[in-house]
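Engineer: The sequence shown begins at 9 in this note's numbering and counts up one residue at a time. Just so you know, even glycine gets a beta-carbon here, dropped at the ideal spot from N, CA and C.
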Amino acid sequence: MERQKRVVAIHDISCVGRCSLTVALPIISAAGIETSVLPTAILSTHTGGFEGYTYRDLTEDIEPISKHWQSLDLQVDALYSGFLGSFEQIDLVADLFNTFKKENTLVMVDPVMADNGVLYSVYTMEMAKGMAKLSSQADLVVPNLTEAAFMLGEEYIGENYSREYIENTLRKLGEMGPKKVVLTGVSFDPELLGAACYDRETNTIEYAFNKRVEGYFHGTGDVFGSSLLSALLNNFPLQEATQIAVDYTLECINYTVKENKDRKYGPVFERAIPYLIKRLGLV
Ligand code: PXL
Numbered sequence: 009m010e011r012q013k014r015v016v017a018i019h020d021i022s023c024v025g026r027c028s029l030t031v032a033l034p035i036i037s038a039a040g041i042e043t044s045v046l047p048t049a050i051l052s053t054h055t056g057g058f059e060g061y062t063y064r065d066l067t068e069d070i071e072p073i074s075k076h077w078q079s080l081d082l083q084v085d086a087l088y089s090g091f092l093g094s095f096e097q098i099d100l101v102a103d104l105f106n107t108f109k110k111e112n113t114l115v116m117v118d119p120v121m122a123d124n125g126v127l128y129s130v131y132t133m134e135m136a137k138g139m140a141k142l143s144s145q146a147d148l149v150v151p152n153l154t155e156a157a158f159m160l161g162e163e164y165i166g167e168n169y170s171r172e173y174i175e176n177t178l179r180k181l182g183e184m185g186p187k188k189v190v191l192t193g194v195s196f197d198p199e200l201l202g203a204a205c206y207d208r209e210t211n212t213i214e215y216a217f218n219k220r221v222e223g224y225f226h227g228t229g230d231v232f233g234s235s236l237l238s239a240l241l242n243n244f245p246l247q248e249a250t251q252i253a254v255d256y257t258l259e260c261i262n263y264t265v266k267e268n269k270d271r272k273y274g275p276v277f278e279r280a281i282p283y284l285i286k287r288l289g290l291v
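1. By a C-beta neighbour count over all protein chains shown, 10 Å radius and 16 as the cutoff for buried, is residue 176 buried or exposed?
2. Please indicate yes or no: does the CB of residue 128 lie closer than 7 Å to some heavy atom of the ligand ZN?
3. Alpha carbon to alpha carbon, how far is residue 255 from residue 284?
4. Along the chain, where does the beta strand (DSSP E) containing residue 19 start, and where does it finish?
5. Return yes when the C-beta of residue 237 is under 7 Å from any heavy atom of the ligand PXL, and no when it is not.
6. Tell me, please, which residues DSSP counts as bridged to residue 216.
7. Inspect the beta-carbon positions of residue 258 and residue 219 and report whether they are closer than 8 Å.
8. Where does the unbroken beta strand (DSSP E) through residue 197 begin, and where does it stop?
9. At a threshold of 7 Å, does residue 27 count as lining the ligand PXL (C-beta to nearest heavy atom)?
10. Exposed or buried, residue 78, counting other C-beta atoms within 10 Å across all chains shown (16 or more means buried)?
11. Can you check whether the CB of residue 191 is closer than 8 Å to the CB of residue 295?
12. Quick one, which of 143, 40, 202, 22 has its alpha-carbon nearest residue 65's?
13. For residue 264, is the classification buried or exposed, using 16 other Cβ atoms within 10 angstroms of its Cβ as the cut-off for buried?
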């Protein structure tokens, strides 16, 4: 068997409402990868649809945690950042990348900050500039269309876009620094939804689609990112890993619809874990 890999997942803990670490930790673990965590903030719930949530920013803990880890012989195969607790965390997370990145470490940045043309309530446009800076240090960046536009300093153009717009966006994001880009929420056909992936070094653009389910499903970005990383660390090439992530996300959405769950509690990703580990060839 191949040596077991380790991910450091850098996201918030939203105690209730599946997203960020409550999604990344179980999914990446189920994929056979040791998942260490660096919580960026602790919230009683996520910020998308609950009133009155608590918010403890953990910015001050990042450096001491990093210092302690430096005293350990820690092999890190991937660093995966998502929702950050403050603007100041951008530079701290960039330092953490520099500290723990070795030759074969995959740095994946999901610039979690916005969706459907709007920034999450806790952020300002400053965050978009910061996320662009952090993404420039990544090997792989995984924005949705809103985050991509904001990082490029452009307006969100909504759902009427051409293939050319998507491909120009991928190339412009690649020019910022990352070797690979996976753009989520891409659709050229009302029946289909998926992602576009770009490899700057081979100059290839590929797509992965599956059936579109109407409606907004909170937390699916984290399900997508966690399963994408799981597939990449299980040695699937970029397009195949993207297809696995698209298909797993759809499975989770199908369970969420079937169980008629209140969608702000997040996707029913647990029931689809057997599907994911089969797709990854682990069972
Ligand atoms: O899934 C993205 C996310 C992560 N963490 C928190 C959020 C959101 C989206 O709203 O509020 C705290």
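Structural biologist: Taking the definition as stated:
1. The residue labelled residue 176 in the question sits at position 168 within the sequence shown. By the 10 Å Cβ count, residue 176 comes out exposed.
2. Absence of the ligand ZN is noted for the structure shown, with the ligand PXL being the only ligands found.
3. Looking up residue 255 in the sequence shown gives position 247. Looking up residue 284 in the sequence shown gives position 276. If you draw a straight line from the Cα of residue 255 to the Cα of residue 284, it is about 9 Å long.
4. On the sequence shown, residue 19 is found 11 positions in, with the first residue counted as 1. That run of the beta strand (DSSP E) goes 14-24.
5. For the purposes of this step, residue 237 is taken as residue 229 along the sequence shown, with counting starting at 1. No, the beta carbon of residue 237 sits no closer than 7 Å to any heavy atom of the ligand PXL.
6. As a working mapping, residue 216 is identified with position 208 in the sequence shown. According to DSSP, which records beta bridges pairwise, residue 216 is partnered with 203.
7. As a first step, residue 258 is located in the sequence shown; it is residue number 250 there, counting from the start. As a first step, residue 219 is located in the sequence shown; it is residue number 211 there, counting from the start. It is a contact, given that the beta carbons lie within the stated cut-off.
8. Here residue 197 refers to the residue found at position 189 when the sequence shown is read from its first residue. Segment 188-197, the beta strand (DSSP E) holding residue 197.
9. Counting from 1 along the sequence shown, the entry for residue 27 is found at position 19. The answer is yes for residue 27.
10. To locate residue 78, count along the sequence shown from 1; it is residue 70. Exposed, since its Cβ has fewer than 16 Cβ neighbours within 10 Å.
11. Outside the shown range of the chain, which is 9 to 291, sits residue 295, and nothing can be said about it.
12. The residue you call residue 65 lines up with position 57 of the sequence shown. Of the candidates 143, 40, 202, 22, the one whose C-alpha sits nearest the C-alpha of residue 65 is 22.
13. As a working mapping, residue 264 is identified with position 256 in the sequence shown. Buried: at least 16 other Cβ atoms inside 10 Å.
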